[in-house]
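If you read the sequence shown in the numbering used here, its first letter stands for residue 2, the second for the next number, and so on. Quick reminder that beta carbons are idealized off the backbone N, C-alpha and C, glycines included. All of these numbers come straight from a predicted model, not from anything done at the bench.
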Amino acid sequence: MGPLAPNGIISENTNMFLAFFIGIAFGWVLESSGFSSSRKLAGVFYGYDTVVLKVFFTGAITAMLGLLFMGLFGWIDLEVIYVNPTFLTSAIIGGVVMGAGFIMGGFCPGTSFCGAAIGKIDAMVFIGGLFLGVYGFAFTYKWWEKLYMANYLGEPKVSKSLGLSDGLFGFLLIVVALGMFWAAEWAEKRFPREEY
């Protein structure tokens, strides 16, 4: 039963070896989906291109269904899977800062590396800013520590917080995703990008 490395089914070295190739595959999918283009990424915020939304939602739904089915068949113990702890205040502030950076720069951290890998200068500049922000935060952490650790909510799962089974929550999330896909198609027609 998985997870594979924590349960000793595969070694840590094998785990890192597999992660390397999964990372390459992930980068290939990002590039194939157009995620190295800042215009395509920013298009989500302006409504003229919603490929990013569709790809990420499809990835999330696929991963969720994979985990649910592997749990159902006893191949993985869902209770052992790590869930990031939630600090509400810093999550909201971090989301606002990252969202603003996403809108201004046209990249998120992952897609900026994707763009830099194919030689995009704006992506490289974005990565430079990313490292400045990371090091700036690290070296001034004592100033932000109380804010960073505020409103600790533990390691909640949305399904448990709503009092739903994982399966029912998964079904509802698929319905929401289908609704978002429909809304995305509507937005692309309603706000077409003007070509110059």
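Taking the Cα of L79 as reference, the smallest distance to any Cα among A184, A64, L179 and K147 is reached at A64.
Per DSSP, the unbroken beta strand (DSSP E) holding G155 starts and ends at Y153 to G155. Beta-bridge analysis with DSSP links T87 to G155. Note on geometry: alpha-carbon atoms of Y47 and G28 lie some 25 Å from one another.
The beta carbons of L89 and L154 sit closer together than 8 Å.
The beta carbon of I128 sits closer than 6 Å to the beta carbons of S113 and A117 from its chain, once the five residues preceding and following it are set aside; these are given in chain order. Between F58 and M181 a beta carbon distance of about 6 Å is seen, short of the 8 Å cut, so the two are scored as contacting. Closest in C-alpha terms to A185, from the list Y149, L54, F138 and G96, comes L54. By the criterion of at least three beta-carbon pairs nearer than 8 Å, the stretch 15–29 is not in contact with the stretch 96–107. When only Cα atoms are considered, G171 and G72 end up about 13 Å apart. Rounded to the nearest angstrom, the gap between the Cα atoms of G107 and V52 is 14 Å.
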